[in-house]
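Residue numbers (the UniProt record's numbering), protein chains in the order written: chain L, 1 to 494; chain W, 1 to 494; chain B, 1 to 494; chain E, 1 to 494.
Notes for the one structure printed next.
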């Protein structure tokens with residue numbers, strides 16, 4: 001397994017194709033716009049080799065029996081999903097934010113593990129073997145693989161093939177013996193800058209007329225024809241500054257737009273091509289583990305918010321009891337989303353390919369909560385921290401250092417602690433709640449509205465109506481008209 | 001294992017010592033104030049013998065290898081707790097409400113299973129063997145055992161021995177060679193009327209001066225000196241009525257006040273007597289599984305609310321899409337409390353006595369949620385059902401039958417369905433949300449405030465502050481003053 | 001103006017046509033099912049003659065210059081609506097619950113005051129004069145007038161004239177020179193038993209094909225052909241009991257089903273007959289003041305909940321600081337709904353008939369809150385009060401008095417206070433939160449979903465989009481396509 | 001009254017004493033860090049001269065009878081407060097954010113209007129006349145006056161005079177015949193850069209030992225010895241950029257730290273000096289109108305959020321009905337805080353000095369809501385807008401213009417609308433919800449916890465307990481022990 005330095009070295013070996021602010025980033029490991037996200041991902045490599053964390057971060061490959069990073073493993077039992085949750089929470093604790101350059105790719109390959117198995121069963125293809133071969137190599141090289149699902153989507157009321165511009169969803173434009181040519185884009189892709197390769201999946205369910213959009217493959221981050229433009233995030237220009245106004249160098253998020261201009265994908269890296277009947281399973285098998293474990297992510301960041309808010313509260317001189325109830329409410333939010341993910345894992349089932357499928361109901365309930373509770377947790381953190389945390393309302397690090405008036409700044413920012421401690425704490429709260437540390441909880445991994453549709457479909461509504469009918473002594477006479485209308489009452493039992 | 005009929009027969013064999021409305025209940029199995037709760041508990045016996053549910057309702061005794069009711073089993077692994085949650089949800093689905101006459105006793109004996117083991121370790125007593133002997137017999141006779149923790153408590157600011165009246169907590173008044181004499185009360189005890197025996201535990205942590213209050217034992221429901229007065233519940237006089245204004249005969253709740261007037265407890269039925277250092281463990285080992293699984297109880301009742309609300313909505317002629325989002329929100333509430341219980345089980349650990357200890361943090365988070373979410377679920381059910389559900393605002397069954405104007409009542413209560421279907425549905429919503437079906441979610445199993453204290457103690461607050469400090473580059477100089485004040489900042493790492 | 005006794009006397013003079021539990025109520029002023037609601041309404045008469053409250057309860061008739069009950073006044077300025085809110089809050093404080101037998105009628109006549117004026121303007125009718133004449137007489141006789149809007153509605157997806165049964169909405173079946181004959185029902189009508197007359201309005205907007213349903217009139221409560229059946233409410237059989245299990249005799253709610261079997265309404269009492277274009281204004285002019293002031297009702301009951309919860313908390317021996325934050329949250333809920341009503345009044349406008357029209361947006365926002373916040377307030381009251389309040393889990397008054405074991409009941413129910421104080425307090429919490437004291441907040445005055453439609457229509461959505469467009473520097477090119485699609489961006493200003 | 005240009009000219013006439021990022025800002029009207037806030041304040045001047053808005057923005061001076069800006073008027077009746085709320089909402093609509101450089105000063109002078117009156121009454125001083133004289137001049141010169149209350153506060157557990165550093169609260173260090181010398185700081189002061197003068201008030205209640213801290217005065221923004229350092233805010237470096245990544249040039253917020261290094265305040269500008277018994281009234285009279293009207297501020301920004309979210313939703317091609325319920329919930333949040341402010345005004349009373357005192361209970365309830373509801377509104381806006389709004393996850397304006405790949409960026413960012421429209425809309429959502437547009441709702445105008453203390457003190461708790469006692473038939477025997485303990489029950493009335 002790679003060391004942090006070997007990992008960074010591997011990134012430096014890639015062709016420069018990542019841009020931000022209109023300029024090419026020559027070296028993602030040192031450029032201020034990307035170095036924090038690389039560092040965050042690097043800490044995963046570090047922790048994997050640390051005896052204290054190795055058990056949580058690594059596992060045994062069921063393909064080779066070798067010790068591998070969990071991020072390249074197939075989740076085969078509930079305990080693997082528990083470890084997924086624990087590891088994500090820990091990595092947020094460690095880096096303060098999202099290291100999305102590994103977990104989306106991991107979840108994507110697990111989804112396709114089951115889906116390629118099923119496609120092969122039905123269509124007699126060899127996708128599963130291709131994936132297995134690629135995975136074996138990925139494990140042995142210990143690469144970082146990010147994942148890409150979201151298409152630009154254009155007009156949301158139209159399917160891919162009905163769009164005025166046919167490229168609004170990523171698609172095959174040419175099929176060749178040795179591979180395929182793809183065109184289009186994937187957008188808001190976390191951690192691409194920190195990845196060696198990118199695992200691509202369909203972003204939605206497609207029908208027969210959209211078969212060209214039913215594609216899955218894995219591609220090196222620096223493939224010919226692939227251009228990556230990093231999106232902005234809150235306070236992103238501070239990334240380029242010196243001093244403690246960016247409170248942490250331990251991690252950071254990037255989310256890129258990936259433009260595929262007729263990129264060639266070799267045959268052995270293609271895992272779906274035209275099997276539109278399997279796009280829904282690909283999406284569902286992705287969201288189940290993803291929406292389960294994302295609750296651990298936000299819990300992990302919530303842990304840091306608890307700590308940061310209390311740090312500032314104490315720095316202000318306040319006794320813990322002043323904000324105890326608030327902190328408990330933050331903790332409750334954290335444990336709810338963490339716990340729901342554990343529950344979704346525990347209530348899951350094994351797919352015939354060997355991969356573990358989390359409970360769809362609990363996983364999607366968690367997604368809805370993940371769009372809500374962290375927002376409340378952030379609000380409480382700001383409440384405890386005061387105005388300096390709410391909008392980071394303090395002079396800049398440069399003012400802090402000013403020869404002219406820096407002394408005044410430091411004099412009036414001190415409290416029970418010295419000024420720097422207090423400011424660093426408050427900048428951390430700002431970064432977590434209204435700054436660059438915020439991951440896309442609301443829409444990352446799909447929207448809460450989408451999750452609600454899955455809940456409705458999986459909640460056994462009509463069984464519940466039948467329960468109520470039995471208890472109330474109402475029996476249906478004649479046809480049920482689809483259970484959608486209540487009929488007449490006959491005598492109750494007993 | 002007993003049939004439902006044998007179970008009822010066993011209750012009829014007990015001395016009549018249960019009262020309500022100032023009168024003695026001669027036969028709890030037929031008296032309208034208690035027959036529904038007995039019927040509800042009877043359905044558990046029925047389901048245990050039903051092939052379809054046997055796997056969920058029964059297990060193998062680790063003492064005897066015989067098939068036994070889960071309600072008399074020792075929970076030894078996460079899967080036992082999963083089954084606990086599933087079974088409770090199912091029993092609420094089946095009976096519409098709480099069958100507390102079995103689950104509190106079950107949880108109590110599991111708590112004392114671990115606690116007696118530890119007392120014996122420390123004090124060289126033989127409580128664990130006594131409990132094992134009693135349990136073996138209880139399993140073979142398949143008895144229903146309710147549980148009793150809550151003391152009257154008197155002035156809440158004073159410990160037991162400082163109360164003006166020393167009987168405000170149940171206590172030993174005499175120690176004899178063959179047993180002990182106890183005096184006092186246990187209050188709000190669910191399902192005592194449906195139980196064969198009562199398992200008694202301390203209700204709080206006691207100090208050395210309160211050693212006489214540190215007692216645990218099991219007693220027949222009809223012990224000499226024991227008087228039970230059933231408490232009122234909303235709309236409880238309807239229990240005595242005819243017709244469908246009590247919508248269900250499948251179940252019902254009773255909560256009794258148990259008065260112990262110098263009751264003799266034989267030695268072999270005493271599991272704690274004076275070991276006040278074990279009162280906290282007794283309480284904690286009780287609340288962990290209890291607060292985990294109670295989320296399944298309210299989810300099970302929430303399932304019925306979903307069904308009942310939709311039944312009325314459809315009876316009114318409305319299409320599902322009108323209330324789909326509301327129903328999804330109800331389902332989310334249900335799955336959150338169910339799921340948190342599963343998570344607390346999955347994250348638990350095994351005690352040296354073999355019993356499974358759920359995660360204290362997740363269990364207590366669930367308790368807080370159980371005091372809130374069902375209230376929201378009830379509100380949504382009333383929203384969907386309309387005014388007739390909100391306060392049961394419909395003429396009575398007797399009006400429905402009136403020769404004089406019953407026809408008018410039936411004419412104007414019909415909607416898309418006939419009047420009786422709609423009324424039965426709405427009465428079920430009323431019963432569940434503002435009637436006799438409501439269990440004590442808020443305070444059953446202890447108050448949410450108590451749970452918050454446990455959360456605060458178990459949330460690893462100072463570790464979280466340390467996390468924040470590391471991320472923000474703040475290191476402590478000199479002594480940490482107990483982590484309660486933030487010190488000065490030294491240089492950040494990297 | 002009448003004394004309380006004269007008021008009761010006036011009710012005794014009416015024909016007995018009110019039923020409950022299948023039986024005719026001979027005298028509503030003494031029958032236990034109705035006497036509390038009559039008493040509650042009687043206290044309004046009492047307070048109107050009490051110097052301390054006269055200013056709040058009475059005003060000067062703009063018709064006669066005489067001192068009259070506000071419940072028979074025309075609301076002509078914001079201060080009248082402020083007094084409306086203050087009076088309702090006070091009456092809830094006084095009686096613990098709703099005295100709906102006056103306020104719905106009051107709001108109805110105010111709505112028709114404006115509507116008859118407008119109908120006459122347009123159609124040259126003389127409805128406004130009829131209403132003025134009736135009102136002058138009502139004021140001089142100081143009668144209690146309840147109001148009736150809600151029709152049975154049958155299948156909710158069909159308009160009145162398309163229903164299988166044409167009587168599912170109240171309608172004219174015969175037009176005569178001297179009046180009209182009406183048939184149908186009005187349901188869930190508050191306080192009819194305590195009223196002298198009933199003011200009837202259309203319950204919805206009707207189109208031309210439903211003109212027969214567009215009717216408004218006022219009718220004596222004991223009119224020939226009118227039968228009233230009182231609906232059930234939670235724990236309503238306790239109304240018939242002795243002792244303190246019904247905690248208050250100062251007030252109570254009834255909600256009746258009114259069956260009109262070809263009732264004759266004399267011409268001078270008819271205020272709308274067929275003018276379907278004015279059904280929407282009738283409804284809107286009703287809901288505006290009603291939904292404004294209902295916030296004061298629930299605040300008034302919330303005040304009592306605050307008091308009752310604290311009473312029990314203190315009786316338990318707890319210091320106020322233990323539940324201070326909870327009580328503050330209850331108070332916030334109360335003031336929000338009270339305040340929104342005041343705001344709706346302050347932001348209103350005067351109709352050309354002289355009546356004051358509250359702001360539709362704020363009034364309907366308040367309706368949505370009234371369906372939510374009291375539910376939260378009740379939950380907090382139960383939290384503070386403990387299990388005895390949550391489901392009234394205490395032995396009955398009869399047990400309390402038992403010669404056999406009453407002493408035990410009283411011994412173990414005492415706390416820092418004696419048992420009776422504590423039980424009375426807890427019964428009050430039960431009555432307010434899960435008992436007969438609960439008014440129909442959710443659906444009374446219409447559903448929250450209906451209010452949301454009015455909010456959407458009145459919120460100036462497209463203006464807000466235009467604001468955003470201006471700020472973001474987006475201008476529309478060419479046609480706006482109804483503002484429903486965003487066009488292209490041209491240069492921003494500045 | 002001044003034109004916008006004259007206003008800007010007046011700012012250019014001030015000494016440069018405002019810093020940001022370690023550098024002096026030579027001209028606040030053009031420097032990118034301050035020009036947007038100046039422009040926002042300038043639009044107030046513009047609107048005041050615009051016939052359409054003059055009624056809302058201006059009023060008649062009760063001192064001179066001249067037309068003046070409302071921001072320099074004394075609030076004397078509820079309608080003045082209504083106008084205050086309407087104007088603030090409108091100005092947020094106009095500028096997208098806070099123009100705090102006028103409203104805090106306005107509120108401060110209104111507070112001191114009443115307080116100086118009362119000090120003079122009690123102490124025979126002439127503060128009120130001084131204030132009147134200053135105000136007359138301020139009105140005639142139509143100056144912009146910001147306000148300053150918040151002190152650095154140091155260790156929050158210690159009063160000013162007990163702090164290790166005595167300057168942690170602003171204080172008098174020298175009293176002279178012609179005036180006073182003050183030292184210390186005021187922090188997080190909104191809009192100082194856009195103001196001509198600064199109105200200073202005490203930030204808390206002080207006791208006798210802290211008399212030196214009991215000071216109020218007004219000072220030119222460029223007074224000798226006064227240094228202003230602007231605090232950071234989210235994404236503040238974008239202020240310095242070109243292009244549409246800062247979506248609006250119509251307004252902006254600054255919040256400065258004001259350092260007073262022995263600043264001389266002439267006698268006629270001092271309105272309190274040592275009268276510590278009036279520090280509490282000064283604070284209370286400030287927070288009452290401030291916390292009332294702040295609900296209109298957040299409503300005004302909420303209006304823009306509604307518009308911006310819908311703009312993006314429509315740009316994505318979605319029909320309004322998809323997000324109608326969400327938008328209604330946003331509108332409800334807006335109207336609740338707006339309405340509560342109106343209610344606090346309507347329920348107010350006139351002070352003997354002529355100024356209008358809002359209701360303390362409703363004003364402080366509003367403060368609590370203002371710390372919560374906008375957070376929910378922002379969350380919904382992000383929900384509707386999707387990932388591009390949540391964290392502004394789109395390439396930068398510079399990428400948009402890139403010759404190399406700008407075409408790709410524009411191609412893949414288009415939806416139903418062109419890319420620029422969509423991006424501008426989403427940047428506006430970002431700016432409002434996680435960017436520079438966020439005002440300090442949580443702590444601006446004091447913390448919600450402080451507001452809760454005022455609520456507790458003003459809610460009439462013991463009266464509510466007495467209400468409950470009367471209803472429940474509980475009367476107190478003998479002494480009440482301060483109403484803090486419930487006594488015994490005697491017979492109920494009737």
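C-beta atoms are modelled at their ideal positions from N, C-alpha and C, and glycine is treated no differently.
Keep in mind that this is a model prediction, so the values were computed, not measured.
Subject >> residue 358/L, DSSP secondary structure in three states >> reply: coil
**OP:** Just grab the DSSP bridge partners of residue 287/E for me.
**Re:** Looking at the DSSP assignment, residue 287/E forms no beta bridge with any residue, so it has no partner.
**OP:** Assuming residue 374/E contacts residue 115/E (C-beta within less than 8 Å), just tell me the rounded distance between them.
**Re:** 30 Å between Cβ atoms; not a contact.
**OP:** Buried or exposed for residue 9/W, please, with buried defined as at least 16 other CB atoms from any protein chain shown within 10 angstroms of its CB.
**Re:** exposed
Original post:
If we cut at 8 Å on Cβ distances, does residue 380/B have a partner in chain E?
Top reply: In terms of beta-carbon proximity, residue 380/B stays away from the interface with chain E, with every pair separated by 8 Å or more.
Subject >> Opening and closing residue of the beta strand (DSSP E) in which residue 399/B lies >> reply: Residue 399/B -> not in any beta strand (DSSP E); alpha helix (DSSP H) instead, spanning 397-401.
Subject >> Amino acids of chain B, ordered along the chain, whose beta-carbon sits closer than 7 Å to that of residue 335/E >> reply: 361, 362, 365
**OP:** May I ask you to report which of helix, strand or coil DSSP gives residue 188/E?
**Re:** strand
**OP:** Answer with buried or exposed for residue 319/L, where buried requires no fewer than 16 other C-beta atoms within 10 angstroms of its C-beta.
**Re:** With fewer than 16 other Cβ atoms within 10 Å, it is exposed.
**OP:** Let me know the secondary structure DSSP gives residue 140/L once reduced to three states.
**Re:** helix
Original post:
So, using beta-carbon positions, are residue 250/W and residue 309/W closer together than 8 Å?
Top reply: Cβ distance not < 8 Å, so residue 250/W and residue 309/W don't count as in contact.
**OP:** Quick one: residues in its chain with C-beta nearer than 6 Å to the C-beta of residue 109/W, no 5 flanking neighbours on either side, listed in chain order?
**Re:** The beta carbon of residue 109/W is closer than 6 Å to those of 199 in its chain, skipping five residues each way along the sequence.
**OP:** Label residue 457/L either buried or exposed according to how many other C-beta atoms from any shown protein chain fall within 10 Å of its C-beta, with 16 as the threshold for buried.
**Re:** exposed
**OP:** Please determine, among 92/E, 71/E, 142/E, the residue with the shortest C-alpha to C-alpha distance to residue 5/E.
**Re:** 142/E
Original post:
Mind checking if residue 331/E is an interface residue toward chain B, Cβ cutoff 8 Å exclusive?
Top reply: yes
Original post:
Which stretch, first to last residue, makes up the alpha helix (DSSP H) that contains residue 257/L?
Top reply: Segment 255-266 is the beta strand (DSSP E) holding residue 257/L; no alpha helix (DSSP H) there.
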